[in-house]
Amino acid sequence: MDKKEDNKKSANEQLQEKLFLAKKSCWNKFVDKDRDAVFRFGEGYKRFMDSSKTERRCVENIIAILKKHEFKDMAYASKLKAGDKVFKNIKGKCVIAAIVGKNSEQLQLVGSHVDSPRLDLKPLPIFEESGLALLKTHYYGGVKKYHWVNTPLALHGVVFTKEGKKMTISIGEEGSDPKFIIPDLLPHLAKTQMERKADKVVEGEELNILVGNIPINDDKIKEQVKLSVLKHLHDKFGITEEDFACAELELVPAGHPVDIGFDRALIGTYGQDDKVCVYSSLMALVEVNAPAHTAVGFFVDKEEIGSTGDTGAASFVLKNFCCDFLKLTGKDISTSSLLEKSNAISADVTAGVDPNFKDVNDPLNASVLGRGVSVEKYGGGGGKYSTNDASAEYMQFMRGILDKNKIPWQTGELGKIDLGGGGTIGMYLSRYGMNCVDAGPCVLGMHSTCEVASKVDIYCGYLLYKAFFKE
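What follows is the structure in C-alpha cells.
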C-alpha cells in the first residue's frame with residue numbers, strides 16, 4: 068500500500084489496521100514461483116500418502132526417505148558428533164530421527180503420529196452367512212461408523228503362519244485388485260434403521276466385510292463359501308484360520324489422493340490426520356543442515372487410541388532414545404535434564420470451519436482452510452481436560468519464529484467449549500517438562516474416509532517445522 072492510499076484513511080481506520088488481527092487467505096502471499104512450490108510440495112505429499120495408509124507402511128516409507136538422505140540406523144552407531152544423522156526404528160511402528168546439533172544438550176522436537184482411524188480384523192474374523200463369506204472387524208480410533216459402509220476398502224497388514232513365516236498382505240490398492248465392502252441396508256427396508264441415533268445407525272458388530280461368494284462344490288461341507296475363501300488364502304499365503312489370531316490386518320479406504328476444486332487448491336484423501344504432519348515434518352527434517360540444537364522428528368503410533376502401548380507417545384520410547392543418544396554423544400547430563408531443556412511441537416491437525424456446520428465453532432477462535440498453519444495453545448475438552456496448555460512465553464517464542472520467517476499462521480481451538488475437544492501427543496511430550504504447543508494444518512472431515520486439507524496450509528506447516536528445527 069503506497070503512502071497516498073494510506074493518507075486517505077482516517078485516524079481510526081489506521082488505528083484499526085494497527086490493532087486488529089487481520090484474518091484473510093494467505094494464498095495471495097504465495098505467487099509465481101512460491102505458488103509453484105506449494106503445488107509441487109502437494110504432489111510429493113500425495114505420492115507419500117498413496118503408499119502410507121497404515122502405520123507399518125508409513126514407517127517403511129519414512130525410513131526409506133531417511134536413508135535416501137543419509138540417515139544411519141542408530142543401532143549400529145558407536146559415537147555421535149555434531150552433524151550426524153541417525154534414526155531408531157521401534158518395532159516397525161514408530162521412528163525417532165535426529166540430526167545432532169552443535170549444542171546436543173537441547174532438542175528441537177517435532178512429534179506427529181503415523182496411525183489413523185481404520186477397521187481392524189478380529190482375532191477370529193471369518194464366517195459364512197446367507198451364501199456370503201465375511202470378515203468381522205473392530206474399529207480403531209474415533210469414527211463415524213456409517214462412513215465405512217458401501218465404501219471400497221483395501222486390506223493391509225501382516226500374518227504369521229504356524230511355522231513362524233511372516234506374510235505381508237496388501238490387496239485392493241491396484242486397479243486390478245479386488246476390493247472389499249460393507250453393504251448397507253437399502254432405503255426401502257431401512258425405516259427402523261433410520262430411527263436409530265446417528266452413532267447407532269451402523270453398529271460396531273455390523274461392520275462385516277464381504278470377501279467371497281463362490282462355494283466349494285462339496286455338499287459334505289457345511290460352510291462351503293468360508294472354506295473356499297480359506298483355501299484361496301492358504302494357496303496364496305499359506306495361512307489357516309488359526310493364523311488370524313497372530314495377525315495385524317487392517318481395512319482402509321481403497322483409492323488414491325485427489326485434488327479438490329476447480330483450482331486444485333485442496334487435497335482429499337484418507338489418513339491426513341496425521342500423516343500430513345508426518346510428511347511435512349519429515350521433509351523439513353531432511354532438509355536441515357547443521358542445526359544449532361539437535362533436531363528430532365518423532366513419528367509415533369497409537370495416538371488415535373490414547374497413545375497407549377509400546378509404540379505410543381505415552382510409553383518410554385522417547386526417554387529410551389534420549390538415554391541412547393546421550394551415551395553416544397558422551398554428554399554428562401541426565402536424560403531428564405535433556406528433555407526438560409527441550410522445545411517441542413506436537414504436529415497434528417485441527418478442525419477447519421465447515422461452511423455446512425458452522426455452529427459447532429466459536430467463530431472468533433476457529434481455524435479456516437487457506438489461512439496458514441494453525442497454532443493452538445491448548446486442545447482437550449471442556450475445562451481443558453486431557454491436554455497441554457502452552458505458556459505465554461512459549462507462544463511468544465513460536466510467534467517470533469513465524470514472524471521472523473514470514474510464515475502465515477492462525478490460531479484457534481477445536482470447537483465450542485462444551486461441544487468440541489480432542490487430544491494430541493502434546494500432553495505426553497510436555498510431561499517431561501519440555502515446552503510444547505500444537506501446530507498443524509486444519510482439515511475438513513477429520514476421521515472420515517476422505518479428509519480435506521488446503522495445500523497452502525500444508526506448505527505453511529512444512530515451513531514452520533523447518534524454521535523450528537533451525538531455531
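Under this note's numbering, the first residue of the sequence shown carries the number 68, and numbering increases by one thereafter.
Glycine included, C-beta positions come from ideal geometry on N, C-alpha and C.
Own chain, CB closer than 7 Å to residue i, minus 5 neighbours either side, in chain order
{"i": "A351", "result": "Y529, Y532, K533, F536"}
{"i": "V268", "result": "Y213, Q260"}
{"i": "I132", "result": "L349, V353"}
{"i": "K233", "result": "V225, F227"}
{"i": "Q513", "result": "Residue identity differs from the one stated: residue 513 is Met in this sequence, not Gln. These residues qualify, in order along the chain: D340, V416, A418."}
Residue i: CB within 6 Å of a non-hydrogen atom of the ligand ZN
{"i": "Y207", "result": "Within the structure as shown, the ligand ZN is missing, as the structure has no ligands at all."}
DSSP-derived helix/strand/coil call for residue i
{"i": "M68", "result": "Because the pLDDT at M68 is just 49, under 50, the model does not fix this residue reliably, and the value given afterwards should be weighed accordingly. Three-state DSSP puts M68 in coil, outside helix and strand."}
{"i": "G487", "result": "coil"}
{"i": "V435", "result": "coil"}
{"i": "K444", "result": "coil"}
{"i": "A414", "result": "coil"}
{"i": "S179", "result": "strand"}
{"i": "G150", "result": "coil"}
{"i": "F365", "result": "strand"}
{"i": "K533", "result": "helix"}
{"i": "M261", "result": "helix"}
{"i": "K85", "result": "helix"}
{"i": "T396", "result": "helix"}
{"i": "G419", "result": "strand"}
{"i": "I129", "result": "helix"}
{"i": "E290", "result": "coil"}
Chain-order list of residues whose beta-carbon lies under 6 Å from that of residue i (same chain, five-residue window excluded)
{"i": "Y157", "result": "Per the sequence shown, the amino acid found at residue 157 is Ile instead of Tyr. Closer than 6 Å at Cβ, skipping near neighbours: T378, V384."}
{"i": "L405", "result": "C389"}
{"i": "E30", "result": "Look at the range of the chain in this structure, 68 to 538, and you will see that residue 30 is not part of it."}
{"i": "W476", "result": "G439, V440, V442, L469"}
{"i": "V216", "result": "I249, D251, V269"}
{"i": "I474", "result": "C527, L530, L531"}
{"i": "N455", "result": "G493, M494, S497, C503"}
Beta bridge counterpart(s) of residue i as assigned by DSSP
{"i": "S521", "result": "L333"}
{"i": "Q477", "result": "S441"}
{"i": "N455", "result": "For N455, which the question treats as bridged, DSSP gives no partner whatsoever."}
{"i": "N170", "result": "H360"}
{"i": "H205", "result": "D187"}
{"i": "D140", "result": "F154"}
{"i": "N502", "result": "N410"}
{"i": "A380", "result": "Per DSSP, none; premise fails for A380."}
{"i": "F227", "result": "K233"}
{"i": "F194", "result": "L201"}
{"i": "C509", "result": "T417"}
Distance CB(residue i)-CB(residue j) smaller than 7 Å
{"i": "V427", "j": "G482", "result": "yes"}
{"i": "G305", "j": "T228", "result": "yes"}
{"i": "I468", "j": "E354", "result": "no"}
{"i": "T121", "j": "E317", "result": "yes"}
{"i": "G479", "j": "A433", "result": "yes"}
{"i": "P219", "j": "A321", "result": "yes"}
{"i": "K398", "j": "Q173", "result": "no"}
{"i": "G335", "j": "V519", "result": "yes"}
{"i": "G507", "j": "V416", "result": "yes"}
{"i": "I276", "j": "L191", "result": "no"}
{"i": "K293", "j": "E196", "result": "no"}
{"i": "V181", "j": "I412", "result": "no"}
{"i": "K444", "j": "M462", "result": "yes"}
{"i": "K169", "j": "A149", "result": "yes"}
{"i": "T361", "j": "A144", "result": "no"}
{"i": "G488", "j": "G437", "result": "no"}
{"i": "P324", "j": "K522", "result": "no"}
{"i": "Q83", "j": "N410", "result": "no"}
{"i": "K386", "j": "G376", "result": "no"}
{"i": "L395", "j": "L147", "result": "yes"}
{"i": "V98", "j": "I129", "result": "no"}
{"i": "E290", "j": "L297", "result": "no"}
Whole-number beta carbon distance between residue j and residue i, since they are thought to touch under 8 Å
{"i": "I238", "j": "A380", "result": "About 31 Å; that fails the 8 Å criterion."}
{"i": "F366", "j": "V345", "result": "6 Å"}
{"i": "D524", "j": "C509", "result": "6 Å"}
{"i": "K139", "j": "V126", "result": "Contact doesn't hold; Cβ gap of about 17 Å is too wide."}
{"i": "T204", "j": "L222", "result": "No, T204 and L222 are not in contact; Cβ-Cβ is about 11 Å, not under 8 Å."}
{"i": "G208", "j": "I372", "result": "6 Å"}
{"i": "S119", "j": "D341", "result": "Actually they do not touch by this definition, with Cβ atoms about 11 Å apart."}
{"i": "D485", "j": "G449", "result": "5 Å"}
{"i": "K160", "j": "R123", "result": "6 Å"}
{"i": "S183", "j": "G338", "result": "4 Å"}
Own chain partners of residue i with C-beta closer than 8 Å, once the 5 adjacent residues on each side are dropped
{"i": "S295", "result": "A200, G279, I281, P282, I283"}
{"i": "L333", "result": "D326, I327, L436, V519, A520, S521, K522"}
Below-7 Å beta-carbon distance, residue i vs any chain C residue
{"i": "L316", "result": "Checking the listed chains, one finds no chain C in this structure; it contains a single protein chain."}
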